[in-house]
Amino acid sequence: MNTKKIIAGIIFAIFLSNSLTAQTDYKPTEKNLQNREWFKNAKFGLFIHWGMYCQLAGGGDKGIAEWIMNDKKIPVVEYEKLATFFNPTQFNPADWVSMVKKAGIKYITITTKHHEGFAMYDSKASDYNVVKKTPYGKDIIKLLKDECDKQGIKLFFYYSQLDWHNTDYFPRGRTGQDFTGRSENADWNKYIDYMNVQLNELLTNYGEVGGIWFDGMWDKPNANWRLGETYSLIHRIQNGTLIGSNHHMSLNEGEDFLMFERDLPGENKMGFNQTSSIPENVPLEMCETMNGSWGYNIVDNNYKSSSELIQTMVKASGFGANFLLNTGPMPNGKIQPENVDTLLKMGKWLEKYGETIYGTTKGPIKPAYWGATTQKNGNVWVHILNVKDENILIGKLSKKLKSARFFDDHSNTKFKETEFGVILNIPKEKRKPVDTIIELEM
Ligand code: H79
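Plus 369 on top of the position in the sequence shown (first one is 1) and you've got our numbering.
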């Protein structure tokens with residue numbers, strides 16, 4: 370090979386690796402940066418997993434719901450029948466959104482297409498969508514978006530890059546393999562084009578989109594996803610839309626926020642998270658289920674209590690991360706009463722203590738076994754979530770502590786500054802069942 374060819378090869382390799390991973394030279398617009406600030410301050414979102422799978426509620430609490438096509442090896446031709454039964458006549462977006470507001474939730478992220486490949490909106494790119502294939506025949510995303518606009522709730526779109534229905538999703542990845550019965554006469558680039566057309570529709574036909582929440586790249590980690598092209602497309606159509614992707618890796622160029630699936634930032638309890646570093650100033654979000662499933666699962670009643678979920682939300686805030694809590698609506702279009710109950714309880718708590726959550730950044734002391742800290746406009750709040758001993762060593766502050774008082778009754782909290790950090794005294798009678806909050810003045 371002559372030198373020219375080698376240089377051309379290197380240039381091509383650089384071009385390819387960039388197009389695989391990133392939107393090159395990405396500079397977020399002013400509007401995008403404002404939306405990032407809004408997002409950081411919002412703190413609490415509702416994740417909605419709704420698709421054809423809700424009609425085939427799964428088994429156990431292993432989250433089989435939206436994965437049922439893959440887990441039960443249902444071929445495409447059989448799975449398609451599900452659309453012919455889908456008729457959520459009791460879907461009332463006004464009910465959903467007013468419940469969301471009462472729960473203190475600031476934004477919704479809804480599945481526009483999950484791994485099953487079915488579009489929950491009116492897509493011209495494929496007939497495999499809610500308007501064309503179901504007796505319901507209405508654009509779910511449009512109905513919800515109009516209501517969100519009316520009630521002042523931002524809407525984000527979840528979009529699965531992984532697709533178990535589209536033939537051109539080929540070569541297949543780690544899931545959705547031969548059982549789907551798809552032809553192998555396929556073209557990966559056609560699939561990416563299709564995805565970009567669908568994203569174009571979502572960003573063009575529904576007004577302002579809060580963000581695009583990608584999922585599924587982990588199915589084919591080494592494929593050429595042409596991310597640079599997709600990300601530029603999104604940012605070109607709407608320069609304020611935030612992009613995030615659940616690839617479990619560090620941020621790619623062109624992405625605006627970093628997310629963690631069922632883990633607090635930096636944790637890896639689920640075995641997914643391979644993020645090597647968490648950049649400062651980039652918005653963070655943690656998503657979590659209310660039981661063990663994302664989609665509606667009739668036999669999964671392993672519900673987390675509102676107290677447990679509030680505590681996780683507080684810890685997420687202590688890391689500076691949003692809490693995106695999931696519900697899977699039922700086939701009739703209603704949100705499970707158990708979930709509504711939990712969300713409203715969280716809303717009640719937030720009515721009283723929201724000041725210490727909304728608009729805050731992570732506090733001066735990192736979350737630990739006892740709880741977390743948050744701060745805003747010079748106020749610092751210590752959230753004691755777990756009391757082992759009346760005296761709790763929370764750690765070192767960079768400034769001298771002037772006073773500490775209980776958020777609830779403003780009475781003074783006894784404290785001591787030691788060489789190991791600040792010790793707070795929390796007598797039994799001052800403890801709150803969910804979160805004992807202490808306001809620090811420095
Ligand atoms: O939409 C919800 C889930 O359906 C979806 N993301 C949330 C928000 C999701 N399901 N699984 N995952 C995300 C994580 C992927 C898990 C994997 Fe594996 C474990 C990928 C590789 C190892 C399971 C086993 C799937 C492929 C092999």
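All C-beta atoms, glycine included, are put in the ideal place defined by N, C-alpha and C.
query: Proximity of residue 814 and residue 809 at Cβ, strictly below 8 Å; result: Because the chain in this structure spans residues 370 to 811, residue 814 falls outside the shown range and cannot be described.
query: Buried/exposed call for residue 314, threshold 16 Cβ in 10 Å; result: Because the chain is modelled from 370 through 811, residue 314 falls outside the range shown and cannot be assessed.
query: Chain-order list of residues whose beta-carbon lies under 8 Å from that of residue 814 (same chain, five-residue window excluded); result: The shown model of the chain, from 370 to 811, leaves out residue 814, and the question about it has no answer.
query: Residue 408 beta carbon near the ligand FAD (any heavy atom closer than 7 Å); result: This structure lacks the ligand FAD; its bound ligands are the ligand H79.
query: Residue 528 - DSSP class collapsed to helix/strand/coil; result: strand
query: Unbroken beta strand (DSSP E) run spanning residue 642, endpoints; result: Looking at the DSSP string, residue 642 is not in any beta strand (DSSP E), and its letter there is neither H nor E.
query: Residue 584 CB to nearest heavy atom of the ligand H79 below 7 Å; result: yes
query: Check: residue 629 C-beta below 7 Å from any heavy atom of the ligand H79; result: no
query: Simplified DSSP state of residue 546, which is helix, strand or coil; result: coil
query: Nearest candidate by alpha-carbon position, reference residue 547, set 536, 459, 521; result: 536
query: Any non-hydrogen atom of the ligand H79 within 7 Å of residue 774 CB; result: no
query: Closer than 7 Å: residue 458 CB and nearest the ligand H79 heavy atom; result: no
query: The ligand H79 heavy atom lying under 7 Å from the CB of residue 418; result: yes
query: Local conformation of residue 734 per DSSP, three classes; result: coil
query: Near the ligand H79: residue 544 beta-carbon under 7 Å from a heavy atom; result: yes
query: Segment contact, 8 Å Cβ cut-off, at least three pairs: the stretch 548 to 562 with the stretch 502 to 517; result: no
query: Residue 584, DSSP secondary structure in three states; result: strand
query: Span separating the alpha-carbon of residue 764 from that of residue 445; result: 56 Å
query: At least three beta-carbon pairs within less than 8 Å, the stretch 629 to 642 to the stretch 408 to 428; result: no
query: Residue 656 beta carbon near the ligand H79 (any heavy atom closer than 7 Å); result: yes
query: Check whether residue 686 and residue 470 have beta carbons under 8 Å apart; result: no
query: CA nearest to the CA of residue 575, picked from 517, 586, 624; result: 517
query: Nearest neighbour of residue 779, chosen from 792, 766, 799, 405 [CA to CA]; result: 799
query: C-beta atoms of residue 662 and residue 697 nearer than 8 Å; result: yes
query: Local conformation of residue 688 per DSSP, three classes; result: coil
query: heavy atom of the ligand H79 below 7 Å from residue 626 C-beta; result: no
query: Beta strand (DSSP E) runs wholly inside the stretch 588 to 634, at least 3 long, in chain order; result: 611 to 614, 627 to 630
query: Residues that DSSP places opposite residue 745 in a beta bridge; result: 748
query: Distance, residue 790 Cα to residue 757 Cα; result: 17 Å
query: beta-carbon residue 594 near the ligand H79 non-hydrogen atom, thresh 7 Å; result: no
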